[in-house]
């Protein structure tokens with residue numbers, strides 16, 4: 007099966023409405039990631055078929071659990087090679103997506119991807135989450151393999167609006183990490199994600215920061 011057919015089948019299996027233009031752009035992102043990976047260590051996954059399942063479909067599997075607002079502001083913390091931020095920005099061009107990473111090599115790739123893929127809804131920031139102060143806080147802060155839940159939540163708290171969501175993409179159910187989560191954060195749900203053709207457990211931890219000041 008070609009990677010184009012694998013992507014189309016995966017999108018259909020997820021029940022998502024992703025048009026042909028967006029799928030073409032997702033494949034172009036895969037090709038660009040492969041090109042840069044030859045000289046830069048952006049991701050350990052190099053085979054195109056596995057990039058489709060482990061990166062594209064893995065990112066898109068979070069969509070049913072994200073708010074459906076058209077004006078959603080989302081930041082991908084520790085974006086690395088752009089997952090999940092780039093795939094989400096491609097299929098939701100009306101969203102404003104920020105890709106945050108402190109690694110200059112990776113942010114150089116992200117800027118090139120934004121330019122080559124023509125993604126006007128994406129901003130790249132080369133900075134640590136703890137040091138970044140956005141002009142306005144985000145509706146959603148999402149991360150994949152950034153850190154354990156406590157580290158992620160603490161580092162990203164200043165980025166999310168009071169009623170926003172913190173989303174952490176995980177593999178196995180992170181029981182110990184959930185137990186170690188500070189009381190300042192409330193877990194709303196931990197749905198299992200079914201990623202087509204990916205024979206591995208995937209979970210999405212959905213959290214909310216508790217009010218910084220006690221209610222009146």
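In the working numbering, the protein residues as written are 7 to 222. From the three backbone atoms N, C-alpha and C, an ideal C-beta is built for every residue, glycine too. Just so it is clear, the structure is predicted and the values come from calculations on it, not from any experiment.
Name the residue from the options whose alpha carbon lies nearest to the alpha carbon of residue i.
i: residue 37; options: 68, 67, 110 and 115; result: 115
i: residue 142; options: 94, 69, 65 and 167; result: 167
i: residue 98; options: 121, 110, 119 and 66; result: 66
i: residue 215; options: 92, 102 and 144; result: 144
i: residue 191; options: 21, 155 and 69; result: 155
Grouping DSSP H, G and I as helix and E and B as strand, with all else coil, what is residue i?
i: residue 209; result: strand
i: residue 222; result: With a pLDDT of 37 at residue 222, under the threshold of 50, the predicted position of this residue should be treated as unreliable, though the coordinate-derived value follows. Three-state DSSP puts residue 222 in coil, outside helix and strand.
i: residue 56; result: helix
i: residue 110; result: helix
i: residue 121; result: helix
May I ask you to list the residues that DSSP assigns as paired with residue i?
i: residue 149; result: 174
i: residue 144; result: 166
i: residue 103; result: 80 and 128
i: residue 193; result: 213
Excluding the five sequence neighbours on either side, which residues of its own chain have a C-beta within less than 7 angstroms of the C-beta of residue i, listed in chain order?
i: residue 206; result: 177
Could you name the residues of the same chain whose beta carbon sits closer than 8 angstroms to that of residue i, not counting the 5 residues immediately before and after it, in chain order?
i: residue 149; result: 82, 83, 84, 158, 162, 173, 174 and 175
Who are the Cβ neighbours of residue i in its own chain at under 6 angstroms, not counting the five residues just before and after it?
i: residue 76; result: 100
(request) Count the C-beta pairs between the stretch 128-145 and the stretch 98-106 that are closer than 8 angstroms, then say yes if the count reaches three, no if not. (result) yes
(request) Could you tell me whether the stretch 51-61 touches the stretch 194-205, where touching means 3 or more Cβ pairs closer than 8 angstroms? (result) yes
(message) Any contact between the stretch 63-79 and the stretch 157-175? By contact I mean 3 or more CB pairs, one from each, below 8 angstroms.
(response) Yes, since at least three Cβ pairs between the stretch 63-79 and the stretch 157-175 fall closer than 8 angstroms, the two stretches touch.
(request) Would you check if there are 3 or more beta carbon pairs closer than 8 angstroms linking the stretch 42-52 to the stretch 12-31? (result) Counting Cβ pairs under 8 angstroms, fewer than three are found: no touch.
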